[in-house]
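> I am attaching a structure below and will ask some questions about it afterwards.
2 protein chains.
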Amino acid sequence: MPRPRTSETRQRILDAALELFLEQGVQQTSLRQIADRLGLTKPALYYHFSSREDLLNSLLQPLVADIDSVLAEDEHGTTSDPRDLLGRYFDVSYRHHALTTLMLHDLPTLNELGYIDQVLTWRRRLVAVLAGPNAGVAERARAIVALGGLADCLVLLDDVPEHELRAAALDAACAALGSTSGSAAEEQPR
Amino acid sequence: MPRPRTSETRQRILDAALELFLEQGVQQTSLRQIADRLGLTKPALYYHFSSREDLLNSLLQPLVADIDSVLAEDEHGTTSDPRDLLGRYFDVSYRHHALTTLMLHDLPTLNELGYIDQVLTWRRRLVAVLAGPNAGVAERARAIVALGGLADCLVLLDDVPEHELRAAALDAACAALGSTSGSAAEEQPR
DNA sequence: GTCTATAATAGGATAGAC
DNA sequence: GTCTATCCTATTATAGAC
Chain A
1 MPRPRTSETR QRILDAALEL FLEQGVQQTS LRQIADRLGL TKPALYYHFS SREDLLNSLL
61 QPLVADIDSV LAEDEHGTTS DPRDLLGRYF DVSYRHHALT TLMLHDLPTL NELGYIDQVL
121 TWRRRLVAVL AGPNAGVAER ARAIVALGGL ADCLVLLDDV PEHELRAAAL DAACAALGST
181 SGSAAEEQPR
Chain B
1 MPRPRTSETR QRILDAALEL FLEQGVQQTS LRQIADRLGL TKPALYYHFS SREDLLNSLL
61 QPLVADIDSV LAEDEHGTTS DPRDLLGRYF DVSYRHHALT TLMLHDLPTL NELGYIDQVL
121 TWRRRLVAVL AGPNAGVAER ARAIVALGGL ADCLVLLDDV PEHELRAAAL DAACAALGST
181 SGSAAEEQPR
């Protein structure tokens, strides 16, 4: 079989790093700990990554790319149902839920890596798509509650099966939004 | 006037530390930076705090004590209106909003300090008070969205005056809960 | 209460052998 | 691709003078 684009060891390093980062935080994890977990030494890591920062960036890149692509899609769509939009945001977050948890719980590290503007811009764009670009405080608060709540559900209810979690989280988020299409199951016309 | 219980310098150290922690994260802030900001040296800090960890704990203690007291109150109350309960939670978080932001954005540090169980227990108790002890996934999700959303509003809408922010955040949180008393201003009977 | 000086440790990173 | 050995820097923390 052909040589993989991302070498096997490189991927094992990324996996071990993610595990340790989730267990004890990014800043609290040294290159030595990552190497030890794999039975390697620090210099071996430097063969695969030019620096600690390079490792971090390589880890986050897939999530960053996916979120950006989903957002770009929604910003070009004509008018989309809020529940569909929140659903796409839930799905992309769930797909990378380890990375999502990491980004959500370690803002100082994101700041050091220069991703803070990225994250704030995401939030701003999402709020704009959900509540409109010139929304007042009330509407922005509803969008913030819906979006923050979705992410919190993903992290805090991780023992719930995906399908059930998705429905419950989206129902709650849509209710916060005041969306008319609160739940697909219990629509009630006024 | 009498000698203050917390010496002036001790308080200045705590203030400077909080500022730096918010700017660049807890782990990224060294004792040297804190001392420099005050025109002191590291050993001076050790006169006031026995260790770096002691400083951290002293900083968080007021918030921890306040939240615990509010929670204990609500758990002994007979039956409380959800909006009142969320309001008390908003108020105590707002009163310490710098510390709230810090705790929310630096979970790894809280973990290292042993506060993670504290925070998870808070969340569990709040969800229990809001949704009942034996709530299903749907109700727990709604409580999580309401609580997480409140905190997010506090951090992300920090340019909004307290009174307006409080009303908007509580409206959105109550809507997420599905509370019947959504907004005091725009009640509409079905 | 604050200083100078220093110990002890650990981090990221590199050189060069294999 | 991975190793041993090492450099440089920064950190927490302490001893002892003022």
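Going line by line, the protein sequences match chains A and B. The opening residue of the first sequence carries number 1 in UniProt numbering; numbering runs sequentially from there. The opening residue of the second sequence carries number 1 in UniProt numbering; numbering runs sequentially from there. Ideal Cβ placement from N, Cα and C applies to all residues, glycine included. Note that the coordinates shown come from a computational prediction; the quantities given were computed from them, not determined experimentally.
#1: Determine the extent of the alpha helix (DSSP H) in which V160 of chain A is found, giving its start and end residues.
#2: Kindly indicate which three-state DSSP category D15 of chain A falls into: helix, strand or coil?
#3: Of all the alpha helix (DSSP H) runs that stay within the bounds of the stretch 3-76 of chain B, which reach a length of 4 or more residues?
#4: Applying the 10 Å Cβ sphere with the 16-neighbour rule, what's the burial state of P82 of chain A?
#5: If T109 of chain A sits next to L154 of chain A, beta carbons under 8 Å apart, how far is it from one beta carbon to the other, in whole angstroms?
#6: Does the CB of D106 of chain B have a neighbour CB from chain A at under 8 Å?
#7: Mark L56 of chain A as exposed unless 16 or more other C-beta atoms lie within 10 angstroms of its C-beta, in which case mark it buried.
#8: Rounded to whole angstroms, what is the Cα-Cα separation between R10 of chain A and D68 of chain A?
#9: Within 8 Å (strictly less), CB to CB, does A44 of chain A reach chain B?
#10: When DSSP labels each residue in this structure, what does D106 of chain B get in the three-state scheme?
#11: Would you call the CB atoms of E162 of chain A and Y89 of chain A closer than 8 Å?
#12: How about L20 of chain B: is its C-beta nearer than 8 Å to some C-beta of chain A?
#13: Below 8 Å on the Cβ atoms is my guess for L86 of chain B versus A138 of chain B; work out the distance and round it to an integer in Å.
#14: What does I144 of chain B reach in chain A if we use C-beta pairs closer than 8 Å?
#15: In angstroms with no decimal places, state the Cα-to-Cα distance between I144 of chain A and A176 of chain A.
#16: Answer yes or no: does any C-beta atom of chain B fall closer than 8 Å to that of G114 of chain A?
#17: Whole angstroms is fine: what's the gap from D15 of chain A's alpha carbon to N134 of chain B's?
#18: Count the other CB atoms within 10 Å of the CB of T6 of chain B; is the residue buried (16 or more) or exposed (fewer)?
#19: Around the Cβ of T29 of chain B, are there at least 16 other Cβ atoms within 10 angstroms (buried) or fewer (exposed)?
#20: Is it right to say H105 of chain B is buried, meaning 16 or more other beta carbons lie within 10 angstroms of its own, or is it exposed?
#21: For Q27 of chain A, which residues in chain B fall below 8 Å Cβ to Cβ?
#22: I want to verify the contact list: residues of chain B whose CB lies under 8 Å from the CB of N111 of chain A, in sequence order.
#23: Tell me which same chain residues have a C-beta within less than 8 Å of the C-beta of A98 of chain A, skipping the five on either side of it?
Working from what's here:
#1: Counting from one through the first sequence, the residue named residue 160 of chain A turns up at place 160. It is not in any alpha helix (DSSP H) - V160 of chain A carries neither H nor E in the DSSP assignment.
#2: Position 15 of the first sequence holds residue 15 of chain A. Reduced to three states, the DSSP call for D15 of chain A is helix.
#3: 8-24, 31-38, 42-48 and 52-76
#4: Here residue 82 of chain A is taken as the residue at index 82 of the first sequence, counted from 1. Buried is the call here.
#5: Position 109 of the first sequence holds residue 109 of chain A. Position 154 of the first sequence holds residue 154 of chain A. That belief does not hold up - the Cβ atoms of T109 of chain A and L154 of chain A are roughly 19 Å apart, past 8 Å.
#6: Here residue 106 of chain B is taken as the residue at index 106 of the second sequence, counted from 1. Cβ-Cβ to chain A under 8 Å: yes for D106 of chain B.
#7: Your numbering for residue 56 of chain A matches position 56 in the first sequence. That one is buried.
#8: Taking the first residue of the first sequence as 1, we reach residue 10 of chain A at position 10. Taking the first residue of the first sequence as 1, we reach residue 68 of chain A at position 68. Distance between the alpha carbons of R10 of chain A and D68 of chain A is about 25 Å.
#9: On the first sequence, residue 44 of chain A is found 44 positions in, with the first residue counted as 1. By this cut-off, A44 of chain A is not an interface position.
#10: Counting from 1 along the second sequence, the entry for residue 106 of chain B is found at position 106. Note: D106 of chain B maps to strand in three-state DSSP.
#11: Within the first sequence, the letter at position 162 stands for residue 162 of chain A. Within the first sequence, the letter at position 89 stands for residue 89 of chain A. No, these two residues do not count as a Cβ contact at 8 Å.
#12: Working through the second sequence from its first residue, we reach residue 20 of chain B at position 20. Closer than 8 Å: no.
#13: Looking up residue 86 of chain B in the second sequence gives position 86. Looking up residue 138 of chain B in the second sequence gives position 138. With a Cβ gap of about 18 Å, L86 of chain B and A138 of chain B do not count as contacting.
#14: For the purposes of this step, residue 144 of chain B is identified with residue 144 of the second sequence, where counting begins at 1. Near I144 of chain B (Cβ distances below 8 Å), the residues of chain A are G149, D152, C153, L156, L157 and A172.
#15: The sequence position of residue 144 of chain A within the first sequence is 144, counting from 1. The sequence position of residue 176 of chain A within the first sequence is 176, counting from 1. C-alpha separation (whole angstroms): 9 Å.
#16: Position 114 of the first sequence holds residue 114 of chain A. No, no contact with chain B.
#17: Taking the first residue of the first sequence as position 1, residue 15 of chain A is located at position 15. Taking the first residue of the second sequence as position 1, residue 134 of chain B is located at position 134. Using only the alpha carbons, I get a separation of about 36 Å.
#18: Locating residue 6 of chain B in the second sequence gives position 6, counting from the first residue. Classification for T6 of chain B: exposed.
#19: On the second sequence, position 29 is the one that residue 29 of chain B refers to. With 16 or more Cβ atoms within 10 Å of its Cβ, T29 of chain B is classed as buried.
#20: Position 105 of the second sequence, counting from 1, holds the residue named residue 105 of chain B. Burial call: buried.
#21: As a working mapping, residue 27 of chain A is identified with position 27 in the first sequence. Correct list: G25, Q27, Q28 and P108.
#22: Counting from 1 along the first sequence, the entry for residue 111 of chain A is found at position 111. Within chain B, the residues near N111 of chain A are Q24 and G25.
#23: Translated into positions along the first sequence, residue 98 of chain A becomes position 98. For A98 of chain A, where only same-chain residues beyond five positions count, the Cβ hits under 8 Å are L18 and L22.
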